[in-house]
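Take a look at the structure set out below.
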Amino acid sequence: MIKFTLITGASSGIGLEMAKVCAEKGMNLLLISLPKEDLEAKSISIATKYKIKAEHFECDLTEISDINNLVKWVEENGFNVNFLINNAGFGGTKSFDEMGEGYINKMIDLNIKATTHVMNKFMPLLKSNSPSRILNVSSIISNLVAPYKSLYAATKTYVINISLSLAYELREQGISVSVLLPGATPTNKVVSNQIEQGAYAARATVMSANEVARIAVDKTLKGKIIITTGIKNGLIRKLISALPHRLSALLAINQYKKQKSNDELNRN
Ligand SMILES: NC(=O)c1ccc[n+]([C@@H]2O[C@H](COP(=O)([O-])OP(=O)(O)OC[C@H]3O[C@@H](n4cnc5c(N)ncnc54)[C@H](OP(=O)(O)O)[C@@H]3O)[C@@H](O)[C@H]2O)c1
Numbered sequence: 006m007i008k009f010t011l012i013t014g015a016s017s018g019i020g021l022e023m024a025k026v027c028a029e030k031g032m033n034l035l036l037i038s039l040p041k042e043d044l045e046a047k048s049i050s051i052a053t054k055y056k057i058k059a060e061h062f063e064c065d066l067t068e069i070s071d072i073n074n075l076v077k078w079v080e081e082n083g084f085n086v087n088f089l090i091n092n093a094g095f096g097g098t099k100s101f102d103e104m105g106e107g108y109i110n111k112m113i114d115l116n117i118k119a120t121t122h123v124m125n126k127f128m129p130l131l132k133s134n135s136p137s138r139i140l141n142v143s144s145i146i147s148n149l150v151a152p153y154k155s156l157y158a159a160t161k162t163y164v165i166n167i168s169l170s171l172a173y174e175l176r177e178q179g180i181s182v183s184v185l186l187p188g189a190t191p192t193n194k195v196v197s198n199q200i201e202q203g204a205y206a207a208r209a210t211v212m213s214a215n216e217v218a219r220i221a222v223d224k225t226l227k228g229k230i231i232i233t234t235g236i237k238n239g240l241i242r243k244l245i246s247a248l249p250h251r252l253s254a255l256l257a258i259n260q261y262k263k264q265k266s267n268d269e270l271n272r273n
């Protein structure tokens with residue numbers, strides 16, 4: 006029976022690199038992203054290069070109806086999913102009073118709700134194709150005090166928390182659950198800008214999307230539950246966690262102010 010790995014947010018960044026790493030290992034792929042991101046061409050190119058099967062589906066995961074359509078597409082085509090990678094998500098630095106209703110809803114809908122619904126709705130398939138795996142993408146910032154990244158850090162804390170509980174609950178049903186905590190990865194303008202502007206935490210943890218993807222897939226296949234990207238990033242996370250809250254908050258606030266004044270200077 007042919008098995009498939011489903012990857013959300015596969016059109017760019019860490020998701021696209023995870024697709025290539027999985028294809029290199031001979032896995033067949035179902036690639037998911039928003040429409041109009043050239044996903045079809047990327048899917049064909051990966052399938053041809055690595056001689057695997059790759060299909061794609063474009064949808065907006067913040068819409069529950071789109072998630073239902075995705076599940077329907079997988080079921081109707083008889084794709085046997087035994088590896089689900091919940092990667093789609095977004096972050097950013099923003100003061101709380103500047104977050105509008107749309108920003109708040111989109112971040113919660115994608116980072117929290119979509120991650121949860123996708124896992125939940127794929128449970129029957131993952132169970133029937135067990136042994137199966139789920140890899141959820143959180144962040145090095147999860148569980149940390151993060152002023153000006155408050156909503157992002159909170160959504161990624163949700164992801165690590167639910168993943169940890171499910172790792173033990175779903176093990177009983179033949180499904181392993183892993184959670185990835187990437188540091189700064191220059192995938193899009195928001196993160197590249199933060200790294201360029203010298204955010205200390207971003208610079209210290211920076212790693213290419215390909216390196217992150219390789220570590221993530223390898224460790225998931227080994228059944229590791231919490232995946233930090235390398236010894237250095239694991240240590241940095243432990244160090245920041247060990248700081249008194251007021252100190253880690255102060256570092257983040259100073260960084261935000263520095264970045265804001267740089268942005269203003271660049272605009273003038
Ligand atoms: N980059 C970092 O420094 C970093 C650090 C820690 C954690 N992470 C996490 O790693 C994951 C991947 O991040 P990345 O940096 O690789 O991001 P990215 O390059 O911006 O890619 C995000 C992917 O998610 C897809 N996506 C966004 N909104 C979607 C929606 N509503 N429905 C369906 N797909 C959607 C995008 O599709 P389109 O291309 O169609 O928009 C794209 O494929 C995220 O969960 C992020 O929070 C990133």
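Counting in our numbering, the sequence shown tops out at residue 273, every number present. Think of the CB as a built atom: it goes at the ideal place given N, C-alpha and C, for glycine as much as any other residue.
Hey, is residue i close to ligand 1, as in C-beta under 6 Å from one of its heavy atoms?
i, result
"PRO249", "no"
"ALA151", "no"
"ILE231", "no"
"VAL26", "no"
"THR10", "no"
"GLY96", "yes"
"ILE113", "no"
"GLY228", "no"
"ALA59", "no"
"ASN92", "yes"
"ASN148", "no"
"ALA189", "yes"
"VAL86", "no"
"THR192", "yes"
"LEU156", "no"
"ASP43", "no"
"ASP268", "no"
"ILE51", "no"
"GLY18", "yes"
"SER48", "no"
"GLY179", "no"
What do you reckon, are the CB atoms on residue i and residue j nearer than 7 Å?
i, j, result
"THR190", "VAL164", "no"
"THR10", "PHE62", "no"
"ASN33", "ILE57", "yes"
"ALA214", "THR192", "yes"
"SER143", "LYS161", "yes"
"ALA59", "ILE37", "no"
"THR210", "ASN166", "no"
"LEU140", "THR225", "yes"
"THR233", "MET212", "no"
What whole-angstrom Cβ distance do residue i and residue j have, given they're in contact under 8 Å?
i, j, result
"GLN202", "ASN267", "5 Å"
"ASN148", "ASN85", "No, ASN148 and ASN85 are not in contact; Cβ-Cβ is about 35 Å, not under 8 Å."
"GLY156", "MET112", "Looking at the sequence shown, residue 156 is not Gly but Leu. Yes, they are in contact, since the Cβ atoms of LEU156 and MET112 sit about 6 Å apart, within 8 Å."
"ILE236", "LEU186", "With 8 Å as the limit, ILE236 and LEU186 do not qualify as a contact, their Cβ atoms being about 13 Å apart."
"ILE241", "SER253", "Their Cβ separation, rounded to whole angstroms, is 12 Å, which puts ILE241 and SER253 out of contact at 8 Å."
"ILE274", "VAL195", "Residue 274 falls outside the range modelled here, since the chain spans only 6 to 273, and no answer is possible."
"LEU66", "LEU115", "6 Å"
"TYR55", "PRO152", "Not really, about 43 Å apart at Cβ, beyond 8 Å."
"SER137", "GLY83", "That belief does not hold up - the Cβ atoms of SER137 and GLY83 are roughly 16 Å apart, past 8 Å."
Counting only C-beta atoms, is residue i closer than 7 Å to chain C at any point?
i, result
"SER197", "Absent from the structure: chain C. Only one protein chain is present."
Relative to ligand 2, is the shortest distance from any of its heavy atoms to the C-beta of residue i smaller than 6 Å?
i, result
"LYS243", "Absent from the structure shown: ligand 2. Ligands present: ligand 1."
Does the structure place the stretch 17-24 close enough to the stretch 90-105 that three or more beta carbon pairs sit under 8 Å? Between the stretch 90-105 and the stretch 17-24, the count of Cβ pairs shorter than 8 Å is three or higher; the stretches touch.
Should the stretch 60-77 be regarded as contacting the stretch 122-131, the criterion being three or more beta carbon pairs within less than 8 Å? By the criterion of at least three beta-carbon pairs nearer than 8 Å, the stretch 60-77 is in contact with the stretch 122-131.
Complete alpha helix (DSSP H) runs within the stretch 64-151 (minimum length 4 residues, chain order): Taken in chain order, the complete alpha helix (DSSP H) segments of 4 residues or longer contained in the stretch 64-151 are 69-81, 106-112, 120-126 and 128-133.
Continuous alpha helix (DSSP H) assignments of at least 4 residues falling wholly in the stretch 201-268: 205-210, 214-226 and 236-247, all fully within the stretch 201-268.
Determine contact between the stretch 98-106 and the stretch 47-55, defined as no fewer than three beta-carbon pairs at a distance below 8 Å. Counting Cβ pairs under 8 Å, fewer than three are found: no touch.
Alpha helix (DSSP H) runs contained entirely in the stretch 6-62, provided each spans 4 or more residues: DSSP runs (the alpha helix (DSSP H)) wholly in the stretch 6-62: 18-29 and 44-55.
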